[in-house]
Amino acid sequence: MSENSLLIKLEGINQKYKALQEQLSDPALVQDMKKYVALNKEYAEIEPVVEAGAAYKNAVKELEVAKEMLQTEKDEELKEFAKEEIDSLEEQIELMEQQIKILLIPVDPEDSKNAIVEIRAGTGGDEASIFAGDLFRMYSRFAEKNRWKVEMTDFSEGTSGGFKEVIFKVTGKEVYGIMKYESGVHRVQRVPQTETQGRVHTSAASVAVLPEADEFDIELHEKDIRKDTFCSSGPGGQSVNTTYSAIRLTHIPSGLVVQCQDEKSQLKNYDKALAELRTRLYNLEHEKYLNEIASKRKTMVSTGDRSAKVRTYNYPQSRVTDHRINYTMHNLQVFMDGEIQEVIDQLQIAENTERLKHDSSGTE
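Residues in the sequence shown are numbered from 4 upward in steps of one, following the working numbering.
Below, the structure is given as structure tokens:
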């Protein structure tokens, strides 16, 4: 993208930004809350581009002034100053252009949402359940480091620890935009606790990260939902409480079933289950969107196919390998303690590089 065309594009975005400002200042807009939320979100997404564009435009003007000084100035000292200024500004402008190009990549509209995360034990029996528990702990620690809130919705414990399945909601800033890279099959290679011969086994757990639907995304009708209650179960199958506080919701038109048993209050469990049901219905459409992206270009983000092997955790060698970008680290214990941002950063860089290539080729 040339300097001139980039300035033209930025001017167009600036005009759109001003138009959004005018729309948001209209008092009548608050009567249409859905439209207000959408416009406010679009405004917040454009703002960093506008700010970066203003700095870029100033740098381009300063470069023009420095070049003119170099051509017209007779004082050698001032000419030398102009040369240094040109070198510095050209370097700055190049960096600014790269930053703006990344900012101009269309934002995934789901990135700012909270996330519903499902971890399910796969092949490997009890060891797979233990590994699913390890992944849950890893994500809980990662959430804690990001000051996100984790709320468990539903779980089924493994016979030797961990979980056969665990579903939880993560609330915070840009959660889905970061956590979406975790979707896929995670493999672990280690000596299981039950192994007497000391042999390394391979087990697996699948992770699915879904963007949480908000109340404006999906409209649910009470007549379409069947509600059942049951007693919550705790460790070892013991009853957490003797009242029927756990909730199971069935969406009759789609056949989707969700349940929540985390809270002692039936009402709180119902609210959580309803939010998850809304998310699952929303994600039926979201998967079509992901598959559409995948059909246009290869992407680092998991598509609707959640069977893709994304990462291997090798305990004997203290090695973590992300297969999507062939990225390996030798600090497995630290990684399992929630220090996963490094690999997510690398995935984001790889995806942005890929998307920049795709966008510049004009094949969108």
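Ideal Cβ placement from N, Cα and C applies to all residues, glycine included.
Owing to the predicted nature of the structure, the values given are computational and were not obtained by experimental measurement.
Reduced DSSP secondary structure (H/G/I, E/B, other) of residue i
| i | result |
| --- | --- |
| D325 | strand |
| Y316 | strand |
| V33 | helix |
| Y247 | coil |
| R358 | helix |
| V53 | helix |
| N17 | helix |
| A216 | coil |
| R150 | coil |
| V68 | helix |
| A41 | helix |
| G128 | helix |
| S268 | coil |
| E371 | Nothing about residue 371 can be reported from this structure: the residues present for the chain run from 4 to 367 only. |
| L252 | strand |
| A311 | coil |
| G1 | Outside the shown range of the chain, which is 4 to 367, sits residue 1, and nothing can be said about it. |
| K167 | strand |
| K77 | coil |
| L259 | strand |
| T306 | With a pLDDT of 46 at T306, under the threshold of 50, the modelled position of this residue cannot be trusted; read the value that follows with caution. The answer is coil: DSSP assigns T306 none of H, G, I, E or B. |
| S28 | coil |
| K275 | helix |
| R202 | coil |
| E288 | helix |
| K230 | strand |
| L23 | helix |
| E97 | helix |
| V110 | coil |
| V337 | helix |
Own chain, CB closer than 8 Å to residue i, minus 5 neighbours either side, in chain order
| i | result |
| --- | --- |
| L106 | P51, V52 and A55 |
| L138 | I122, H189, A208 and V210 |
| G125 | A131, V188, S206, A207, A208 and S209 |
| I96 | E6, Y59, A62, V63 and L66 |
| V260 | R251, L252, T253 and H254 |
| E266 | S248, N272 and K275 |
Other residues of its chain near residue i: CB distance less than 6 Å, five sequence neighbours each side excluded
| i | result |
| --- | --- |
| F158 | F166 and V169 |
| L13 | G56 |
| K3 | Outside the displayed range of the chain (4 to 367) lies residue 3, so it cannot be described from this structure. |
| K148 | G341 |
| D325 | R314 and V346 |
Closest residue to residue i among the options (Cα-Cα distance)
| i | options | result |
| --- | --- | --- |
| R283 | K12, L270, G258 and Q269 | G258 |
| Y142 | V212, E357, D274 and A249 | V212 |
| M339 | V173, L9 and F145 | F145 |
| E279 | D217, T356 and E185 | D217 |
| H204 | E48, Q18, E354 and Y318 | Y318 |
| A22 | T331, D348, K172 and L42 | L42 |
| L9 | E76, Y20, M99 and G161 | M99 |
| N17 | R150, D29, F134 and I49 | I49 |
| P112 | K183, H333 and E76 | K183 |
| G164 | V173, Q320 and F134 | F134 |
| C234 | E290, R322 and Q269 | Q269 |
Whole-angstrom C-beta distance between residue j and residue i, which should lie under 8 Å
| i | j | result |
| --- | --- | --- |
| Y46 | L27 | 6 Å |
| L92 | A58 | That pair is no contact at about 12 Å. |
| W151 | G175 | 3 Å |
| A118 | P30 | The pair is not a contact, with the Cβ atoms about 35 Å apart (cut-off 8 Å). |
Same chain only: Cβ atoms within 7 Å of residue i, ignoring 5 sequence neighbours per side
| i | result |
| --- | --- |
| L73 | K82, A85, K86 and I89 |
| F3 | This structure gives no information on residue 3, because the portion of the chain shown stretches from 4 to 367. |
| D114 | E177, Y179 and G180 |
| Q349 | I328 and Y330 |
| R358 | I108 |
Practice task
Please determine if the segment 310-318 and the segment 184-204 are in contact, where contact requires at least 3 C-beta pairs separated by less than 8 Å.
Solution key: Yes, the segment 310-318 touches the segment 184-204.
Practice task
Answer yes if the segment 30-37 comes into contact with the segment 107-125, meaning at least three C-beta pairs across the two stretches below 8 Å, and no otherwise.
Solution key: no
Handout entry: Cβ contact (3+ pairs, closer than 8 Å) linking the segment 245-255 and the segment 210-230
Key = yes
Exercise for the section: For the segment 127-142 and the segment 193-208, state whether three or more C-beta atom pairs, one from each stretch, are separated by less than 8 Å. Expected result: yes
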